[in-house]
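Chemist: In UniProt numbering, the protein residues as written are 1 to 226. Each residue gets a CB set at the ideal place from its N, CA and C atoms; glycine is no exception. Since we're looking at a predicted model, the values are computed, not measured. Please find one structure pasted underneath; my questions will follow.
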């Protein structure tokens, strides 16, 4: 009599198809790690693309058309995040800047402190006497001085109650005063003249901020104080 056990649909798993539970867990972990690593590798360039990059245009020269700037008028432009005053001085303004009595009232009338390029170390602190160019930031605590033309009948008062001198500048925060060449008056809390940025004039009516005249080398970051 044949005692062979009957065939059933349930047979033991063969070595080729059976998997130990621990082995299945391990392989699952390896697969997951591979997916995560791959996703991270793809994500890094994407995230880098979202990171703000320093714009080259932030340090690019700025051209300013001064053809419509009348004598006695000033325009303010932004260069490297700073306000820059561009003033077209009148013949009377230029004569006043050479007055010996004015020089005696100034802290640094001859621009000995390094607040300007070498080509602006003169009585008008600029390339040409007609145009004044300075960074409009008081060297005391960084406020923006107000401007009053020489012909102004009245001028706004500062926080200290001191009016802006006609034909000059005054800081609205603590009353520091500057002349039309950006030179600070004695007795003011501001210790230095207004800085002069690097610039040149490619045409008689264009001022290019951030670029020196040919043959000149001036790094604005080397000034004493802004």
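Are the Cβ atoms of residue 84 and residue 135 separated by less than 7 Å?
Modeler: Taking the first residue of the chain shown as 1, we reach residue 84 at position 84. Taking the first residue of the chain shown as 1, we reach residue 135 at position 135. In this structure, residue 135 lies closer than 7 Å to residue 84 by Cβ.
Chemist: Mapping the DSSP letters down to three states, classify residue 170 as helix, strand or coil.
Modeler: As a position in the chain shown, residue 170 is number 170, starting the count at 1. Residue 170 falls in the strand class under three-state DSSP.
Chemist: Consider the C-beta atom of residue 201 and the heavy atoms of the ligand NAP; say whether any pair is separated by less than 6 Å.
Modeler: As for the ligand NAP, it is missing from this structure, which has no ligand bound.
Chemist: Who are the Cβ neighbours of residue 71 in its own chain at under 6 Å, not counting the five residues just before and after it?
Modeler: For the purposes of this step, residue 71 is taken as residue 71 along the chain shown, with counting starting at 1. The answer, listed in chain order, is 88 and 90.
Chemist: Taking DSSP as the reference, what is the three-state secondary structure of residue 192?
Modeler: As a working note, residue 192 is residue 192 in the chain shown. It is coil, neither helix nor strand.
Chemist: Apart from the five residues on each side of it in sequence, which residues of its chain come closer than 6 Å, Cβ to Cβ, to residue 169?
Modeler: Position 169 of the chain shown, counted from the first residue, corresponds to residue 169. Around residue 169: 145, 147 and 178.
Chemist: Express the C-alpha separation of residue 100 and residue 175 in angstroms, rounding to a whole number.
Modeler: Start at 1 with the first residue of the chain shown, and residue 175 comes out as number 175. Start at 1 with the first residue of the chain shown, and residue 100 comes out as number 100. If you take the alpha carbons of residue 175 and residue 100, they lie about 23 Å apart.
Chemist: So, is residue 65 buried or exposed, given that buried needs 16 or more other C-beta atoms within 10 angstroms?
Modeler: Here residue 65 refers to the residue found at position 65 of the chain shown. So residue 65 counts as exposed.
Chemist: Please look up how many angstroms separate the CB atoms of residue 62 and residue 210, rounded, as I've assumed it's under 8 Å.
Modeler: The residue you call residue 62 lines up with position 62 of the chain shown. The residue you call residue 210 lines up with position 210 of the chain shown. Contact flag correct, Cβ pair sits at about 6 Å.
Chemist: Looking at C-alpha atoms only, which residue of 93, 193 and 114 is the closest neighbour of residue 137?
Modeler: The residue given as residue 137 occupies position 137 in the chain shown. Comparing Cα positions, the closest option is 193.
Chemist: Return the residue from the list 207, 149, 104 and 190 that minimises the CA-CA distance to residue 92.
Modeler: Along the chain shown, read from residue 1 onward, the residue named residue 92 stands at position 92. When each option's Cα is compared against that of residue 92, the closest is 149.
Chemist: If we count the other Cβ atoms within 10 Å of its Cβ and call it buried at 16 or more, is residue 187 buried or exposed?
Modeler: Taking the first residue of the chain shown as position 1, residue 187 is located at position 187. Result: exposed.
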